[in-house]
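In this note's numbering, the protein residues as written are 2 to 722. Remarks on the structure that follows.
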């Protein structure tokens, strides 16, 4: 927001409940726009749905373009003495020459530079010295000295006078510095606006309206915020799905690439879930709204990205310590430079001393130091969101770079998490495979277990109709029992059959062979006799082998941590080249393994998708949740992979490495810039090389430092992950 924002605009922002924060100090929260009390930067609106605001950019642009012609005029007057044939001082006279510069400079300082002096005063009042403290001290000193030298020259010591007894004027210095800082602010604000483009792109995915049906089937177009859970909505071809829900009537194909990353449209029939923001393609359908407003997947993604962009990386603590001492140290160097140059400098000693101290104040830029981390985090988090890698906070982004062990759940992480019926094998020659499958699927239809669902779905794919079951009983850890078409049917593991006195030896060898191929095997008994077995397999995701290779290339050790049996788990691990397997693991076992790896000195990431993974996700250095998994898993994790694709872990690791490298580059530039710039400005090389830095060049360098830091951060937008 610009410093001259109207009271009406401020009141409007308060009424909407909007809050504002500082990009460098996210702990600062205000109910109205203004400037940060710590660094003086303009506060930005908080929230993923906050409207884009360019009033600060507009205000700075107007001030810059007003300052340009005035500054050029002052510069031409001041530089006339150095250009052959120009003698403004002689033509205008000493008095008019000085006052013309003063009149041209006054609007630049008093109006164009007013926001800077306001921020500088706030920094002093709030006892939080920052970049604006230095700028206002430098330009204020140059302008004030020039006015005094022009209006009451008699009070100044003779040491200020030049060879002909003239007093120096620094109006052009003050004007050029203000104009250069304004230019830097315009460039910086435009660049900062681009850092949130990824977030705005996510917001643009949602539909602003929905077609709602009433009880009589009448259709009305309503605003999205009017849609309630349970509403029936019609989605026509080419329209975006308005909210998360389920198909009630009709069928269609939907482009879900924003969620899954897959370019092929997905077929949807009644009962299938649909996600808000995805694009309906061929058919029209009616859906019921299940999640609306902030509860939709898209809204949660946007809010997570917005929160992460405002979070602080641990490396920022070092920057905060340095920044706290930076401005006082620069002021001390400026004072020391003035004293030294006034004491032992060449004539006119005091004039040299004043220019040197102003140059020191101007060239120092704590803003570059302060922006080094948050700008990279903001752009990096946005880049991750474009790839379906949602970073909950900057700490997870920083830590991911150091991860050397990744724990992976099997089901839903390495595998699709949607078991499929692989085979039905019958040893009783009197029975037909489809007849046994009709009995088994009829019994499993009463179960809620994922494996039971796979059997029922597999029977339907084979055009086998499940028979009705009665006296159904589920025995935890063993299987299910019931009566189907007057037959007593048992489906489960060997212990279930053995408890009923049924011999299983004839099936065990084949069961082990299927388990070694990665299948989960259930034995079948009918009326007290073992008749066969049924194999269900959770297929490995097509992307998993590539993801494992990428993670190994990154030097990360992979450990499968699953509740499945040892034989099946090892079969999957061998197919993928997983380094280590822990099978039959309970939630507490997963948590304990994370603790043990911590004691060994490892930095651990955990990838999972279920409620049973939540304790380990929370305890790991970085928890990684599959976006296709449960809400509790996503709430426990620092990173969420929207596409449920393990390649996202490799992308997250690459993003962390690139972002942290970018932050270190920014910090290195900021430290080196100030480490070299301040001594040069203080005149340390003058005795040997006669080198002195102009305050004008110092102002240009100061503006360039902030812009270069932001420009370097923006490179992350095109980083290959």
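Note that beta-carbon positions come from the ideal geometry of N, C-alpha and C, so glycine has one too.
May I ask which residues mark the beginning and end of the beta strand (DSSP E) holding residue i?
i           : result
residue 206 : Looking at the DSSP string, residue 206 is not in any beta strand (DSSP E), and its letter there is neither H nor E.
residue 608 : 605-609
residue 267 : 267-269
residue 627 : 623-627
residue 488 : 488-493
residue 641 : 640-642
residue 484 : 480-485
residue 237 : Run containing residue 237: none; DSSP gives neither H nor E here.
residue 526 : 521-527
So, with DSSP's three-state summary, where would you put residue i?
i           : result
residue 713 : helix
residue 511 : helix
residue 95  : helix
residue 5   : Below a pLDDT of 50, predicted positions are generally treated as unreliable, and residue 5, at 41, falls in that range; no measurement from the model is reported.
residue 12  : Residue placement at residue 12 is poorly supported in this model, since its pLDDT is 41, which falls under 50; the coordinates are not used for a value here.
residue 735 : It is not possible to answer for residue 735, since the shown part of the chain is limited to 2 through 722.
residue 409 : strand
residue 222 : strand
residue 720 : coil
residue 535 : strand
residue 262 : Caution applies to residue 262, whose pLDDT of 47 falls short of 50 and renders its modelled position unreliable; the value that the coordinates give is listed next. Residue state, collapsed to three classes: coil.
residue 560 : strand
residue 254 : strand
residue 426 : strand
residue 578 : coil
residue 69  : helix
residue 690 : helix
residue 212 : strand
residue 274 : strand
residue 569 : helix
residue 158 : coil
residue 44  : coil
residue 466 : coil
residue 505 : coil
residue 58  : helix
Check whether the Cβ atoms of residue i and residue j lie closer than 7 Å to each other.
i           : j           : result
residue 605 : residue 584 : no
residue 233 : residue 214 : yes
residue 703 : residue 364 : yes
residue 1   : residue 552 : This structure cannot speak to residue 1, because the chain is shown only from 2 to 722.
residue 356 : residue 679 : no
residue 722 : residue 657 : no
residue 380 : residue 714 : yes
residue 623 : residue 639 : yes
residue 75  : residue 146 : no
residue 1   : residue 717 : Here the chain has residues from 2 to 722 only, and residue 1 is not among them.
residue 362 : residue 170 : no
residue 696 : residue 179 : no
residue 548 : residue 651 : yes
residue 539 : residue 416 : yes
residue 185 : residue 673 : no
residue 724 : residue 531 : Nothing about residue 724 can be reported from this structure: the residues present for the chain run from 2 to 722 only.
residue 248 : residue 273 : yes
residue 699 : residue 682 : yes
Which residue comes first and which comes last in the alpha helix (DSSP H) that contains residue i?
i           : result
residue 667 : 648-682
residue 599 : 588-600
residue 473 : No alpha helix (DSSP H) holds residue 473; the beta strand (DSSP E) holding it covers 470-476.
residue 147 : 132-152
residue 251 : First-last for residue 251: 245-251, but that is the beta strand (DSSP E), not the alpha helix (DSSP H).
residue 545 : 545-554
residue 120 : 115-126
residue 541 : Careful: residue 541 lies outside any alpha helix (DSSP H) and carries neither H nor E.
residue 457 : 451-462
residue 618 : 615-620
Taking 7 Å as the CB-CB cut-off, is residue i touching chain B?
i           : result
residue 440 : Among the protein chains of the structure shown there is no chain B, as only one such chain exists.
Does the distance between the C-beta of residue i and the nearest non-hydrogen atom of the ligand NAP fall short of 6 Å?
i          : result
residue 57 : You won't find the ligand NAP in this model; it holds no ligand whatsoever.
4 or more residues per run - each alpha helix (DSSP H) lying fully within the region 278-361: Within the region 278-361, the complete alpha helix (DSSP H) runs of at least 4 residues are 298-311 and 317-345.
Any 3 or more C-beta pairs closer than 8 Å across the region 313-320 and the region 337-346: Look at the beta carbons and you see the region 313-320 not touching the region 337-346: under three pairs across the two are nearer than 8 Å.
Meets three-Cβ-pair contact criterion under 8 Å: the region 447-458 and the region 417-429: Inter-segment contact for the region 447-458 and the region 417-429 is present: three or more beta-carbon pairs are separated by less than 8 Å.
Three CB pairs or more closer than 8 Å across the region 237-254 and the region 279-286: Touching, yes.
Touching by the beta-carbon criterion (3+ pairs, under 8 Å), the region 292-301 and the region 220-234: Judged by pairs of C-beta atoms under 8 Å, the region 292-301 touches the region 220-234, as three or more such pairs exist.
Touching by the beta-carbon criterion (3+ pairs, under 8 Å), the region 509-518 and the region 476-485: The region 509-518, when compared against the region 476-485, does not touch it at the 8 Å Cβ threshold.
Within the region 364-424, ranges of the alpha helix (DSSP H) (whole runs, at least 4 residues): Note on the region 364-424: whole alpha helix (DSSP H) runs with a minimum of 4 residues are 367-387 and 395-401, in chain order.
Segment contact, 8 Å Cβ cut-off, at least three pairs: the region 57-74 with the region 107-122: Output reads yes: the region 107-122 touches the region 57-74.
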